[in-house]
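Working notes, structure below.
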Amino acid sequence: RQIKQLKSGVHIVVGTPGRIIDHLERGTLKLRAVHMVVLDEADRMLDMGFVNDINKILDKVPKNKQTSLFSATIDRNVWKICDKYMDRPEKILVSKDEIALEQIEQRYVKVDSSSRFPILRELIVDQGIRKAIIFTRTKRGAHSLSRKLKRSGYNADALHGNLSQPQRDRVTRAFRKDKVDFLVATDIAARGLDIGGITHIINYNIPREWRNPALKCRVASDLEHTLGRAGPLTYYERIDATIQIFWTPSSHTTG
Numbered sequence: 001r002q003i004k005q006l007k008s009g010v011h012i013v014v015g016t017p018g019r020i021i022d023h024l025e026r027g028t029l030k031l032r033a034v035h036m037v038v039l040d041e042a043d044r045m046l047d048m049g050f051v052n053d054i055n056k057i058l059d060k061v062p063k064n065k066q067t068s069l070f071s072a073t074i075d076r077n078v079w080k081i082c083d084k085y086m087d088r089p090e091k092i093l094v095s096k097d098e099i100a101l102e103q104i105e106q107r108y109v110k111v112d113s114s115s116r117f118p119i120l121r122e123l124i125v126d127q128g129i130r131k132a133i134i135f136t137r138t139k140r141g142a143h144s145l146s147r148k149l150k151r152s153g154y155n156a157d158a159l160h161g162n163l164s165q166p167q168r169d170r171v172t173r174a175f176r177k178d179k180v181d182f183l184v185a186t187d188i189a190a191r192g193l194d195i196g197g198i199t200h201i202i203n204y205n206i207p208r209e210w211r212n213p214a215l216k217c218r219v220a221s222d223l224e225h226t227l228g229r230a231g232p233l234t235y236y237e238r239i240d241a242t243i244q245i246f247w248t249p250s251s252h253t254t255g
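Heads up, the sequence shown is in full-length UniProt numbering, so the first residue is 1 and it goes up one at a time.
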């Protein structure tokens, strides 16, 4: 059906990088007449490993096209794409909406490196956590933590950029239908989920740069951004609390 539509002529093509590459290789999609390219959620696509596909696609479109790139975060990899394919790009920053953090109880836990997972298990029991998203810093961390939770008898699964789209769909569907109680995810991979009934959001890892005392203001801002991401996940009033787990050399305390 897609091939028939493309052969009949279209004005706009919307697709994943992999699918567009597939049509280019089949010869069913020609890009020589393209006037505009839009990369939506660029940081997420790069995190999911599509950088080579994106480069292949952009190499095949005319140089005199207009390119728009939308991204929730702008890191070095995003700027590489901008520098390579955009001429004097204009950066437009959209101010974030007010985040109703007063509707969410926030807690933090200090732990040493060896007690992080045991403390997480204690929190699940003591706080009566029924359904949670647990954020990790890396894809490997998400995979490892979900396996630990499974071995401890919890219904858990991981969501990160190394999963294929069918695998991502399977995981999110299971979480939505309460077949999975704990979704362990990287921040970017979990973006845009619309899932109700979540009681807690847990930051299992604090990003490495937050540990620098000189970045105190940034820490507060980034924490607010992370908590605000609960908005697209579910309604604020459905979340009982968010928990930040900080690594410290000393024994754990709660606050």
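Even glycine gets a Cβ: it sits at the ideal position worked out from N, Cα and C.
Given the structure is predicted, the values throughout are model-derived calculations rather than measurements.
Query, Result
"Span separating the alpha-carbon of residue 227 from that of residue 182", "Bear in mind that the predicted position of residue 227 carries a pLDDT of just 48, short of 50, making it unreliable; the figure below should be weighed with that in mind. If you take the alpha carbons of residue 227 and residue 182, they lie about 17 angstroms apart."
"Identity of the residue in 17, 18, 23, 16 nearest residue 4 by Cα", "23"
"Inter-residue Cα distance where the pair is residue 9 and residue 32", "14 angstroms"
"Check whether residue 184 and residue 142 have beta carbons under 9 angstroms apart", "yes"
"Rounded straight-line distance, which links the Cα of residue 61 to that of residue 18", "16 angstroms"
"Cβ-Cβ separation, residue 204 to residue 134 (assumed contact under 8 angstroms), whole Å", "5 angstroms"
"Boundaries of the beta strand (DSSP E) in which residue 184 is found, first to last residue", "182 to 186"
"Boundaries (first-last residue) of the alpha helix (DSSP H) holding residue 68", "It is not in any alpha helix (DSSP H) - residue 68 instead sits in the beta strand (DSSP E) that spans 66 to 69."
"Where residue 136 falls, given that 16 or more other Cβ within 10 Å makes a residue buried", "buried"
"Cα-Cα separation between residue 2 and residue 117, rounded to whole angstroms", "47 angstroms"
"Validate contact between the stretch 169 to 181 and the stretch 83 to 91 using beta carbons, cut 8 angstroms, 3 pairs", "no"
"Residue of 59, 42, 63 minimising C-alpha distance to residue 69", "42"
"Rounded straight-line distance, which links the Cα of residue 66 to that of residue 35", "6 angstroms"
"Proximity winner among 58, 155, 80, relative to residue 121 (alpha-carbon distances)", "155"
"CA nearest to the CA of residue 29, picked from 151, 11, 39", "11"
"Cα-Cα separation, residue 37 to residue 186", "27 angstroms"
"Residues bridged to residue 133 (per DSSP)", "183, 201"
"Check whether residue 198 and residue 131 have beta carbons under 9 angstroms apart", "yes"
"Beta-carbon contacts of residue 71 that lie in its chain and below 6 angstroms, excluding the five residues immediately before and after", "42, 43, 78"
"Cα-Cα separation, residue 201 to residue 166", "25 angstroms"
"Beta-carbon proximity check, residue 53 vs residue 21, cutoff 9 angstroms", "yes"
"Cα-Cα separation, residue 138 to residue 160", "8 angstroms"
"For residue 36, the three-state DSSP class (helix, strand or coil)", "strand"
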